[in-house]
Amino acid sequence: MLSPECVRELTTSWLPNITYVGLDRVIDLLEKDSPLLIHGSFTHTVPMGCLATHIAWNHPRTAKMTLDAGICWLNNIAGLNPATSLVIREWDRCADYDFEVRAELASVFRTEREARGQLEATVGVNRIEELVTV
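Residues 9 to 142 in the working numbering are what the sequence shown spells out, letter by letter.
Below, the structure is given as structure tokens:
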């Protein structure tokens with residue numbers, strides 16, 4: 009189970025900085041239990057990477073990076089120290105056998121994707137058009 013501190017880091021530093029495409033990618037990898045999503049290092053060989061690396065490969069500022077993409081995304085975009093990130097430490101601790109942590113992370117990411125979809129639907133409404141008659 010994710011600690012409250014880990015969830016706080018996820019919601020305050022990770023989620024606001026993940027692109028829609030990055031969010032979809034991580035959800036897809038978690039749901040499929042993909043071998044491309046690794047534990048214990050940021051990148052093994054491209055295209056094998058941890059959560060932060062796959063997010064980074066789908067972010068405009070770090071998309072062209074390879075081995076250090078996850079580290080750069082965490083440090084420069086999310087504003088976290090990669091060595092002390094609670095999410096990364098929890099991810100590495102759970103390895104491939106802790107399905108509860110994987111499921112909880114997938115749930116947090118899916119909830120964020122749904123919230124963004126609802127926000128996009130409400131923001132996209134043009135109310136001025138209703139008020140103006142030509």
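Just so you know, even glycine gets a beta-carbon here, dropped at the ideal spot from N, CA and C. The model shown is predicted, which means the values in this text are computed figures rather than measured ones.
Let me check one thing: in DSSP terms, what residues is residue i bridge-paired to?
i: Leu45; result: Gly57
Residue i by DSSP, collapsed to three states: which one?
i: Thr92; result: coil
i: Thr20; result: helix
i: Thr51; result: strand
i: Trp99; result: helix
i: Pro68; result: coil
i: Ser115; result: helix
Is any beta-carbon of chain B found at less than 9 angstroms from that of residue i?
i: Arg101; result: Judged by its chain identifiers, the structure shown contains no chain B, having just a single protein chain.
Taking the Cβ atom as the reference point for each residue, do residue i and residue j lie within a distance shorter than 9 angstroms?
i: Phe107; j: Leu31; result: no
i: Thr27; j: Asn66; result: yes
i: Leu23; j: Leu10; result: no
i: Ile35; j: Arg124; result: no
i: Cys58; j: Leu45; result: yes
i: Ser102; j: His52; result: It should be pointed out that residue 102 corresponds to Cys in this sequence rather than to Ser. Cβ distance not < 9 angstroms, so Cys102 and His52 don't count as in contact.
Looking at the secondary structure, which residues open and close the alpha helix (DSSP H) in which residue i lies?
i: Ala86; result: Ala86 -> no alpha helix (DSSP H), and no H or E assigned at all.
i: Leu37; result: Tyr28 to Glu39
Less than 6 angstroms between C-beta atoms, sequence neighbours within five positions excluded: which residues of the same chain meet that for residue i?
i: Ala60; result: Gly78, Trp81 and Leu82
Ignore the nearest five residues each way along the sequence and tell me which others in residue i's own chain have a CB closer than 7 angstroms to its CB.
i: Val54; result: Thr74
i: Ser21; result: Ala86, Gly87 and Leu88
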